[in-house]
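Note sheet for the following structure.
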Amino acid sequence: MNSRFPTDFIQRIQQQFGDASTDFLKALSNDVVTSVRYNPSKLQSLSDVAAEPVSWCKDGVYLSQKPIFTLDPLFHAGCYYPQEASSMILDWILRSHTELPENPIILDLCGAPGGKSTLIANFLAGKGVLVANEVIKSRANILAENLMKWGYSNCVVTRNDPSDFGRLPSHFDVMVVDAPCSGEGMFRKDERAIEEWSESNAAMCASRQRRILTDAWATLKPGGYLIYSTCTFNPAENEENIQWLLEGNKAEIIPLNAPNNWCISSLGIGNGNALAFYPHKSKGEGLFVALLRKRGEESAKEVNLKKTKSKEKSKTPAVVANCIKDSKNFYFAEDSNGWRAFPNQFVNDLLFYLRNLSVVRYGVEVGQIIKGRFQPAHELALSVDINPEAFNICNLSHGEALKYLKGEILQPPSEMEKGYVLISYHGSPLGFAKNIGTRMNNLYPTSLRIRMALPE
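Residue numbers (UniProt numbering): 1 to 456.
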């Protein structure tokens, strides 16, 4: 018997899977599969890497070996995100099993570190609004950083308890809840998950998941979709929670009919089913996912955002507006950190969030004007909405790009004008530098710089 796993866990798996439990537990000790999902707004494929497509996600690929992501400038540019393949099933569910308005409002309630949030941003492709939430401050900051790298301007990052979303009744078209869980699906990837596992902890997780769903249920529109997932195999956190929702919260389960060759298990629940990724069958880590739809008519409590009046904003300086493509479609606001841009079509939603939630980040930070001179923000360089014609561009080699990401000073190309320069690698922006003639001062944020030694 595999001594890596707790005895209580092994006994439950044997009871749960019967004769298949031996293959299950053996597979749970196999090597971890590496997969990434690329950002189609910045990169169309990973042409330099041997890769196999992830069947259920159009932008996902398995890698033949795990690279050192820190030493790839495209990773820092937000061109791709290392994400566990099973969790990419969200892409297939959103594209194939939901009927949404042209500009849906989507909540990722437990968003950190950002895999599902960046996937949702891809799905929206600049339409609608994504609210990505994380209650823990340090994790919320990581979520904000990853969405900043991803580059979409229609994203809002919040740091709120699920109960706070009761202030936004019947607001979201989709609510994604990748609930905190006992983490059994991560056992071969994370030894700490094994060390922290216990029956009592799993029971506590199941109770907490129900609390999260209860607290946030009101913020989902009638007719809206709940996508519930965990990275555990425990029925109490999975099937039993879905059955509880069906019985008590006026929801219906939407069948998820995955192709047989995907090797994803189907678990019958009510009149539908959920999907489960098991290590001895699927190419990925453990995952449970179900799709539900909220029954009922539109609530009278639904907030009419059209009645929300925005405060008269300061006149946007031309140098700020010129940094954003199609700037007429953006709302510009100035705060203590400078100017930010957000899609004008959804400014009333944004103002509503700013009043009712703890907003960590929104839109894109464009820059600030200091002593009459404009200084671009790092976020602007990574935004898919940057106007590249606003800056001189310096494209670096791989070695030069790594030195830039480490914070080293660069030499300017001959005859390049003085001023702010957009630094890029293979055409993908990394950040800014300032050409002062004899050198280019490195403006890459200290907190993001590479700390490991670079290869010779």
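For every residue, glycine included, the Cβ atom is placed at its ideal position computed from N, Cα and C.
Judged by DSSP in its simplified three-state form, ALA341 adopts strand. Counting other Cβ atoms within 10 Å of its Cβ, ALA85 reaches 16 or more and is therefore classed as buried. A direct Cα-Cα distance of roughly 44 angstroms separates GLU365 from GLY272. Within the same chain, TRP197, ASN201, ALA202, CYS205, THR232, ASN234, GLU237 come within 7 angstroms of SER182 by CB-CB distance, once the 5 residues on both sides are set aside.
In its chain, beyond the 5 residues on either side, PRO412, LYS418 have a beta carbon closer than 8 angstroms to the beta carbon of GLY437.
Taking 3 residues as the minimum length, the beta strand (DSSP E) runs contained wholly in the segment 137-161 are 155-158, in order along the chain. In this structure the segment 281-297 touches the segment 247-256; the number of beta carbon pairs closer than 8 angstroms is three or more.
In this structure, the straight-line span from the alpha carbon of PRO376 to that of ARG449 is close to 18 angstroms. Here DSSP, grouped into helix, strand and coil, assigns TYR420 to strand. Shown here, ASN260 sits in a helix according to DSSP, grouped into three states.
In the displayed model, TYR444 falls within coil according to three-state DSSP, outside both helix and strand. Taking C-alpha positions only, LYS149 is separated from ALA121 by approximately 12 angstroms.
Residue range 398-406 is occupied by the alpha helix (DSSP H) that includes LYS403. Going by C-alpha positions, ARG167 is about 14 angstroms away from ASN133.
With a cut-off of 8 angstroms on Cβ pairs, the segment 8-18 is not in contact with the segment 216-231, counting fewer than three such pairs. In terms of CA proximity to GLU191, SER29 leads the group SER29, PHE391, ILE370. The segment 154-167 makes no contact with the segment 56-70: fewer than 3 CB pairs, one atom from each, lie closer than 8 angstroms. Closest in C-alpha terms to ASN392, from the list SER138, PHE432, TYR362, THR70, comes PHE432.
Contact annotation: the segment 71-80 touches the segment 419-431, with at least three C-beta pairs closer than 8 angstroms.
Excluding the 5 residues flanking it on each side, PRO40 has same chain C-beta neighbours closer than 7 angstroms at ASP59, ASN122, in chain order. One alpha carbon belongs to LEU147, the other to HIS378, and they sit about 13 angstroms apart. 8 angstroms or more divides the Cβ of LEU350 from the Cβ of VAL176. A residue is called buried once 16 or more other Cβ atoms fall within 10 Å of its Cβ, and VAL32, having fewer, is exposed.
Taking all protein chains in view, the Cβ of PRO279 is crowded by 16 or more other Cβ atoms within 10 Å, so the residue is classified as buried. With a threshold of 16 other beta carbon atoms within 10 Å, GLY185 meets it and is buried. If you compare the alpha carbons of GLU285, LEU410, PHE24, LEU130 with that of GLY111, the shortest gap goes to LEU130. Around the Cβ of LEU454, a 10 Å sphere holds fewer than 16 other Cβ atoms; the residue is exposed.
Under the three-state reduction of DSSP output, ASN103 falls in the coil class, being neither helix nor strand. Counting only residues of its own chain and dropping the five nearest sequence neighbours on each side, TRP262 has a CB closer than 8 angstroms to the CB of SER55, TRP56, SER282.
DSSP places LYS221 in the uninterrupted beta strand (DSSP E) bounded by 220-230. Excluding sequence positions up to five before and after PHE17, its CB lies within less than 7 angstroms of the CB of PHE24, all in the same chain and listed in chain order. Excluding five sequence positions before and after LEU107, the CB atoms of its chain that fall closer than 6 angstroms to its own CB belong to VAL131, PHE172, MET175, given in chain order. Sorting VAL421, ARG210, GLY363, ILE370 by C-alpha distance to the C-alpha of GLU145 places GLY363 at the top. ILE212 sits close to ALA179, with the two beta carbons spaced by under 8 angstroms.
A direct Cα-to-Cα measurement between PHE330 and TRP339 gives close to 12 angstroms.
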